[in-house]
Amino acid sequence: MDLEIELETGEEESLQWSKHMAIGKIYATKILNRKGVMAILRSIWVEEVAPSIREVGENTYGISFKSERARDRAIGDGPWSIMGSCMNLKKWVSDRSVAEIDFSELDVWLQIHDLPPDMLTYKNAKAIGKVLGMITNEENKLEDEDAGVGR
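In UniProt numbering, the protein residues as written are 1 to 151.
Set out below in structure tokens:
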């Protein structure tokens, strides 16, 4: 027997919860302690910034931010380290289920150490980034005091 129920969107409490959402998946070899993860997430984003944090799956958490700017900053500042594991934070559009979110890509900052000074070039930074994956953002600080940085 198939059961079909027609659902509506738009309730005030649902809109408040889902307006500026992010979803974070923690890549770990085991299911992490929920209370420990919640405490860490709450220490990163206080209630004034993220009024609601909920577990929405195994090692997966929904975070409701007060503003789009706060959400976008949290995503841009990632990836996050939670209990020694990497959390990939993505924008969560309210009409998508947890299963529909694509976590197959992760932006990371890359810093290379111990290169000889004559190899600290923008061209070499691009070559390293190209081997490791797609470069989404880069800074050329070679004219300043630092080497090139890519994300």
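For each residue, glycine too, the CB sits at the ideal point set by N, CA and C. Please read these numbers as outputs of a predicted model, since none were measured by experiment.
- Out of D95, D102, M83, the CA that lies nearest to the CA of L89 is found in D102.
- Of the other Cβ atoms in all chains shown, fewer than 16 fall within 10 Å of the Cβ of W109; this residue is therefore exposed.
- Under DSSP, M87 takes part in a beta bridge, and its partners are I26, W80.
- Annotation: the continuous alpha helix (DSSP H) that includes S43 extends over 34-44.
- Per DSSP, the unbroken alpha helix (DSSP H) holding V131 starts and ends at 122-132.
- Annotated three-state conformation of M119 is helix, per DSSP.
- Distance from the CA atom of I23 to the CA atom of T60, rounded to whole angstroms, is 7 Å.
- Counting other Cβ atoms within 10 Å of its Cβ, L132 stays below 16 and is therefore classed as exposed.
- For the pair of segments examined, the stretch 36-49 was found to touch the stretch 60-75: the number of CB pairs separated by less than 8 Å reaches three.
- Apart from sequence neighbours up to five positions away, no residue of its chain approaches K30 with a beta-carbon distance below 8 Å.
- Around W80, the same chain offers M87 as residues with beta carbons nearer than 6 Å, after the five sequence neighbours per side are excluded.
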